[in-house]
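> Residue numbers (full-length UniProt numbering): 1 to 281.
Cβ atoms here follow ideal geometry from the backbone N, Cα and C, with glycine treated the same way.
Next up is a structure, given as C-alpha cells.
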C-alpha cells in the first residue's frame, strides 16, 4: 500500500479481510513541507534524517490513537494493529523526502508473474475511516481497479523503488507506541484512579496554583478553597459563557470573582468586556 495519510482507525476496519494475507507492506509519507518550515524558522536547513522521520510518524500515529472515538471494537482493533506491527505481519516505512499524495493498493501473490491473478486500486482514498467510506462523515472518493499484468508490474516497480528509499518503522517504535498510549496493559490502580479524576473533573485538575497565586495582591493570604473556587468558576464560565458565584457572608466571593476576571483578561486581552451582576448593599 502506498498512501499519503494512514490512520490506525482505517487499518483495523479492513483487518478482518487480511487474515489470510501473510504480509502487508504500508508506505506512508510525512509532512515534509511542515518540517522544512520548522527548520527554516529556526534558521536551519532540513536534511533527511531517519530518526526525525520515525519520530514524526510515530507521534502522528500516537495522536491518532489517542483521539480515536473510544469503544470496545476500536480498542480491540488498535491493539490488533500494534500486535501486527510487532509480529511482523505489517511492515511499515515512511518516506523521509517526498510528500506522498498517491494512493495505490497493490494485491499480488508470490511468485508474481503474468499467469497469476493481480490487481491494484488507485484513486483518492487514503487508508483512513473517512477515506474508506466507513465513518459517519466520510469523504466522497473515486477509485479505479486495474488488473492488467503490465500495469500492475509497473505500479509494483514504482512502489519497490520508493520502498527502498524509505525508513523502516521498527518493532521498537511499535512497542513505544503502545507504551505512550492508552493501549498499555500495565496501568496501576492509582493511575486508573487519576484518569477517572481527569475524566470527571476535566480541566479543573490541570489548574496551576502558582499561576492563580500571581492574581492575588502580594499582601493577601492565599486560601486554597478560594483558588479552587476560582478555578472551578473559570472552567464553568468558559463552558457556559458565565457562572453564578454564591456563598455565605465572609468567605471571599469578591476575591474569587476578581481572580476569575483577572485571569480572563490575561488570557483574552485588556479590551475584553466583562459583565458582573451583584445585589445592592
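How would you call residue 84, buried or exposed, if buried means at least 16 neighbouring beta carbons within 10 angstroms?
That one is buried.
> What first and last residue would you give for the alpha helix (DSSP H) that runs through residue 189?
189 to 201 is the span of the alpha helix (DSSP H), which, as asked, contains residue 189.
> Just the C-alpha distance for residue 185 and residue 228, rounded to the nearest angstrom, thanks.
Between residue 185 and residue 228, the C-alpha separation is close to 33 Å.
> Residue 123 lies in the beta strand (DSSP E); which residues open and close that run?
Run containing residue 123: 119 to 123, per the beta strand (DSSP E) assignment.
> Quick check: what's the CA-CA separation for residue 37 versus residue 238?
Here residue 37 scores only 46 on pLDDT, less than 50, and its place in the model is too uncertain to base an answer on.
> For the beta strand (DSSP E) holding residue 91, just list the boundary residues, first then last.
Per DSSP, residue 91 belongs to the beta strand (DSSP E) from 90 to 95.
> I need the straight-line Cα distance from residue 88 to residue 112, nearest angstrom please.
Distance between the alpha carbons of residue 88 and residue 112 is about 21 Å.
> Just mark residue 274 as buried or exposed, buried being the case when its beta carbon has 16 or more other beta carbons within 10 Å.
Label assigned to residue 274: exposed.
> In whole angstroms, give me the CA-to-CA distance for residue 20 and residue 154.
If I take the Cα positions, the gap works out to 25 Å.
> Between the C-alpha atoms of residue 29 and residue 226, what's the straight-line distance to the nearest angstrom?
Cα-Cα distance, rounded: 50 Å.
> Going along the chain, which residues of its own chain have a beta-carbon closer than 7 Å to the beta-carbon of residue 105, five neighbours each way excluded?
Closer than 7 Å at the Cβ level, and outside the excluded window around residue 105, lie 1, 120 and 121.
> Can you give me the Cβ contacts of residue 15 inside the same chain, cut-off strictly under 8 Å, excluding the 5 residues immediately before and after it?
Around residue 15: 77, 80, 81 and 84.
> Quickly, what does DSSP pair residue 104 with across the bridge? List them, please.
According to DSSP, which records beta bridges pairwise, residue 104 is partnered with 2 and 122.
> Just tell me which of 247, 260, 219 and 174 has its CA closest to the CA of residue 234.
The option with the nearest alpha carbon to residue 234 is 260.
> From residue 40 to residue 59, what does the alpha carbon distance come to, in whole angstroms?
Only weak support is given to the placement of residue 40: the predicted model assigns it a pLDDT of 45, under 50, and the value that follows is read from those uncertain coordinates. For residue 40 and residue 59, the distance between alpha carbons rounds to 21 Å.
> Go to residue 152, then tell me how far its alpha helix (DSSP H) extends in each direction, as first and last residue.
149 to 165 is the extent of the alpha helix (DSSP H) around residue 152.
> So what does residue 143 bridge to, in DSSP terms?
Residue 143 pairs with 123.
> Could you check the C-alpha separation between residue 140 and residue 253 for me, to the nearest Å?
Spanning the two alpha carbons is a distance of roughly 54 Å.
> Can you name, in chain order, every residue of its own chain whose Cβ lies under 8 Å from the Cβ of residue 175, other than the five neighbours on each side?
The answer, listed in chain order, is 86.
> For residue 26, report the span of its alpha helix (DSSP H) as first-last.
Not the alpha helix (DSSP H): residue 26 falls in the beta strand (DSSP E), residues 24 to 29.
> DSSP beta-bridge partners for residue 169?
In DSSP, residue 169 forms a bridge with 92.
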